[in-house]
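Read top to bottom, the protein sequences are chains Z and R.
Heads up: the first sequence begins at 1 in the working numbering, then just goes up one per residue.
Heads up: the second sequence begins at 1 in the working numbering, then just goes up one per residue.
Below is one structure; the comments refer to it alone.
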Amino acid sequence: MADEQDQGAAAPETTAEPAADRIIPRRDAMALRLVALAVTLVLAIGIAFVVVVLTGPPSVDELREQAGLDGKRELLIGVKDDQPGVAEYANGVWKGFDIQIAYMIAEDLGFRRDEIRFLSIESEDRARMQAVDSDRNRVGVDMVIASFSITADRKAMAGVRFSAPYLYTEQSVITLKGHSQVSTLEDLRGKPVCSLAASTSASAASRAGLVVSSRKKISECFDALNKGDFDAITTDAAILAGYKARYPDKYDHWDIGLDATEAWGVNVGENPALETLVNLSLYRSREDPHDNRWEEAFDSNFKTEEEINKPAPIAVDQQPAVKEPKVRQWPWERV
Amino acid sequence: MTDPVPAPTRRIQTNWLFAVLPAFPLVLLVLRLWYLSRQDLPTMLLLVQYVSPLGMISALFITLLWAVPAVVLVLRCLGGLLLISARDQSQATRSLLAVTALRMPDWVVVLAVVLGGITWQLRFLPVLVLLLISIMGVTAWQRHPDDRLVLRIVAFGVPVATAVVVLLWMMPGVVAAFRRGEIATALLLTMPPLLAIGLTGPVPVRYARLATHWPAVIAALIAPFVVGVVFLRAPILPTSALEITAGKSLDVLRGQVISVDDMETTILDREGQVHFVPNGNVHSRTICPETAQAPASAVEVRGWPVEDSVLEWVAPTKRTTTADPRCLGRPLNPG
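Okay, here's the thing in structure tokens:
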């Protein structure tokens, strides 16, 4: 734009008494500069607004405060207590995949193991987040990590807010040893089958024409199966695999070829800030190559059950993808 | 009929400006305390009594150091544009903006550019380049209006070459910003060097005053608010967490310690309440990190986070990764 013309070709609006050999600016160049100046000014106002007013996403501390975790002495987590490999309470100890995931998330939320309290929760109470303590009192929990599959219907329920999924599994069937082969749910058509109340498996079995009875706990289903009240139990493979692994000579675990994936998620109730924090924990666990907590949880619970359960599936051995939550973090905290 | 009252001369206006300017930092300091006290006068008076003025001035200085080059360079740039676009100098120098630019020594501009280069975040450095390039072009038009070669080099060649270099260097950051959906960051990194090419010469005289004088006036009106907001957000007292003996248990009190004397510790909590804790009851104390200061943008240019200045980038950083439980409101030992 420095290509300007000599004074001889002066534009009418230019200087009245210029220096004798002063270069006269070209009009089109000047007009372009005016446009550039206008764009710069508009951009400056826009950027100033973005920088000063829209200060970006909240920090982890702000989210903790919004989630009501600030100053909280104990984090209450609703879990299952009768699912070997998933979540089990035995001899005063909680163990299983869900328990390890709960420890991972709680740790990232700033709680130490002594500050986490697990409470047993039944399937139909997972949406309401009402667990039961050792004195059989109903207690509201902060989050539910209890083999809870994410579905559109559940998402639409009041008080349910799911995190990103932390495990992919599928529905399968378990029978007593010696039962005729079960290849699909239709093989059990008209037969009495047990499933968990308010579970996704119960509705799939009903649609296939099975006579489904529901129990509040999976251990009640196994008790009834052992007594011969049912021909089979159908629910998520990750749950059934634990029983098969514990009693390999008692049960047969069958792959029924359903293509639907059961994606387990954490229910955080009506707490969007907690959802973001849980997702951040899951995101870091998946994306950080130095963070093996999810893999360790999978290996120590499901991997050891694979051999005995073959060819029945258990779960996908990779953590589901998590979209990066929008959280303000220091550069060294990012993964 | 009386004669109309003459408008105050520029000298009088300047005198008033110099009288008002020193009051601005004072107003900022008082406002900061008022803001910290949550508009409670007794709390504010307590803060005034204990908060060190030197500490506050240091905070003001550190927080707002970036504003000095911004004011100097914008004045020089817009004033210079007005000067070279005007029909004659006597008319142009009627504007305080033009006079300020005309009388500004070159070393002030150089110092401002160096200060800006050190204290401005990376995302604003392209704006610094824009201001520098524009000032160089405008100065060339002021001092060598008859030298076509100088104008071609300084007002066209240098801006184009600089834009190419800056864009090439910034490209990874621009790509990352677009991928993350940070449009403002992407615009900040790309647009200024391009726009700089169009800001190195005169604009049509008819619009010169409108395009330079009035934006400067608007910027002067907005700047105190921007500066005020930035300063009000900056911490002036460290956030601490105190474990306090309450009977047999320990409570955690978080907030900003106003003073510690031989009798008690005075602390202002997050809700604006002042607590006087006898020193005998203070079990332990820790300092908590300010995570609200974590950068909003995750974009980096060749490993340099866009919200870091050169100073911040090269200086050693304290990397806090695990939060002290006391900063989360829980005692150090959960037992």
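Glycine residues also receive a C-beta, built at the ideal position from the N, C-alpha and C atoms.
Remember, predicted model here, so these are calculated numbers, not experimental data.
Just list the residues that DSSP pairs Lys95(Z) with in beta bridges. Lys95(Z) pairs with Glu88(Z).
Inside the segment 218 to 246 of chain R only - beta strand (DSSP E) runs reaching at least 3 residues: 239 to 246
Kindly indicate which three-state DSSP category Thr190(R) falls into: helix, strand or coil? helix
My parser needs the beta strand (DSSP E) runs of 3 or more residues fully inside the segment 16 to 96 of chain R; what are they? Counting only runs of 3 or more, we get nothing.
Return no unless some Cβ of chain Z is closer than 8 Å to the Cβ of Asp261(R). no
Assuming contact is defined by CB atoms lying nearer than 8 Å, are Ala146(Z) and Gly71(Z) in contact in what I supplied? no
Suppose you measure from the CA of Leu240(Z) to the CA of Ile233(Z); what does that come to, to the nearest Å? 8 Å
Just tell me which of Gln256(R), Leu149(R), Ala294(R) has its CA closest to the CA of Thr317(R). Ala294(R)
The alpha helix (DSSP H) with Leu167(Z) in it runs from where to where? Here Leu167(Z) belongs to no alpha helix (DSSP H); instead the beta strand (DSSP E) covers 167 to 176.
Positions along the segment 88 to 99 of chain R whose CB lies within less than 7 Å of some CB in chain Z: Asp88
What's the gap between the Cα of Ile150(Z) and the Cα of Met104(Z)? 20 Å
Going along chain R, which residues have a C-beta under 8 Å from Ala36(Z)? Leu195, Ile197, Gly198, Leu199
With a threshold of 16 other CB atoms inside 10 Å of the CB of Trp141(R), please say whether the residue is buried or exposed. Taking all protein chains shown into account, Trp141(R) has 16 or more neighbouring C-beta atoms within 10 Å of its C-beta and is therefore buried.
Residues near Asp360(Z) by beta carbon distance below 6 Å, same chain, minus five either side: A question about residue 360(Z) goes unanswered here, because the residues of chain Z that appear run from 1 up to 335.
Suppose the cutoff is 7 Å on Cβ atoms and the five residues either side in sequence are ignored; what does the same chain contact list for Leu28(R) look like? Leu60, Gly228, Phe231
Which residues does DSSP list as the beta-bridge partners of Leu268(R)? Gln256(R), Val274(R)
Going along the chain, which residues of its own chain have a beta-carbon closer than 6 Å to the beta-carbon of Val113(R), five neighbours each way excluded? Leu132
Cβ shell of Pro172(R) (< 7 Å), same chain only, five flanking positions each side left out: Val301, Arg302
Taking all protein chains shown into account, do 16 or more other C-beta atoms lie within 10 angstroms of the C-beta of Gln273(R), making it buried, or fewer, making it exposed? In this structure Gln273(R) is exposed. Its beta-carbon is surrounded by fewer than 16 other beta-carbon atoms within 10 angstroms.
Please report the straight-line C-alpha distance between Leu274(Z) and Arg161(Z), rounded to a whole angstrom. 10 Å
Among Ala87(Z), Asn226(Z), Ser213(Z), the one whose alpha carbon lies nearest that of Phe298(Z): Ala87(Z)
Can you give me the Cβ contacts of Gly265(Z) inside the same chain, cut-off strictly under 8 Å, excluding the 5 residues immediately before and after it? Phe148, Ser149, Ile150, Phe162, Ser163, Ala164, Pro165, Tyr166
Quick one: which unbroken beta strand (DSSP E) runs of 3-plus residues sit fully inside the segment 205 to 255 of chain Z? Chain order, please. The DSSP assignment places complete beta strand (DSSP E) segments of no fewer than 3 residues inside the segment 205 to 255 of chain Z at 211 to 215, 232 to 236, 251 to 255, in order along the chain.
Among the residues of its own chain, which have a CB less than 6 Å from the CB of Gly79(R), if the five just before and after it don't count? Leu97, Ala98, Thr100, Ala101
Within the 8 Å Cβ cut-off, does Met30(Z) reach chain C? This model lacks chain C altogether; the protein chains it does include are Z and R.
Whether or not the segment 57 to 68 of chain Z and the segment 322 to 330 of chain Z are in contact is what I'm after, with contact meaning three or more pairs of Cβ atoms, one per stretch, closer than 8 Å; do they touch? yes
Using the Cβ count rule (16 or more neighbours within 10 Å means buried), how would you classify Ile267(R)? buried
So, does the segment 252 to 263 of chain R touch the segment 203 to 213 of chain R, judging by three or more C-beta pairs under 8 Å? no
Beta-bridge partners of Cys194(Z), as assigned by DSSP: Ser213(Z), Ile233(Z)
Length of the line joining the Cα atoms of Val93(Z) and Asp81(Z): 10 Å
Evaluate His290(Z) with the Cβ neighbour count: other Cβ atoms within 10 Å of its Cβ, from every protein chain shown; 16 or more gives buried, anything less gives exposed. Counting Cβ neighbours within 10 Å, His290(Z) comes out exposed, since fewer than 16 surround it.
Please report the distance separating the alpha-carbon of Thr63(R) from that of Ala102(Z). 41 Å
Write down every uninterrupted run of the beta strand (DSSP E) in the segment 64 to 152 of chain Z whose length is 3 residues or greater and which is fully enclosed by it, in chain order. 75 to 79, 87 to 90, 93 to 95, 116 to 120, 130 to 132, 138 to 140
For Glu262(Z), list the residues DSSP reports as bridge partners. Thr169(Z)
Collapsed DSSP secondary structure at Leu332(R) in the structure displayed: coil
With which residues is Ala315(Z) paired in a DSSP beta bridge? Thr169(Z)
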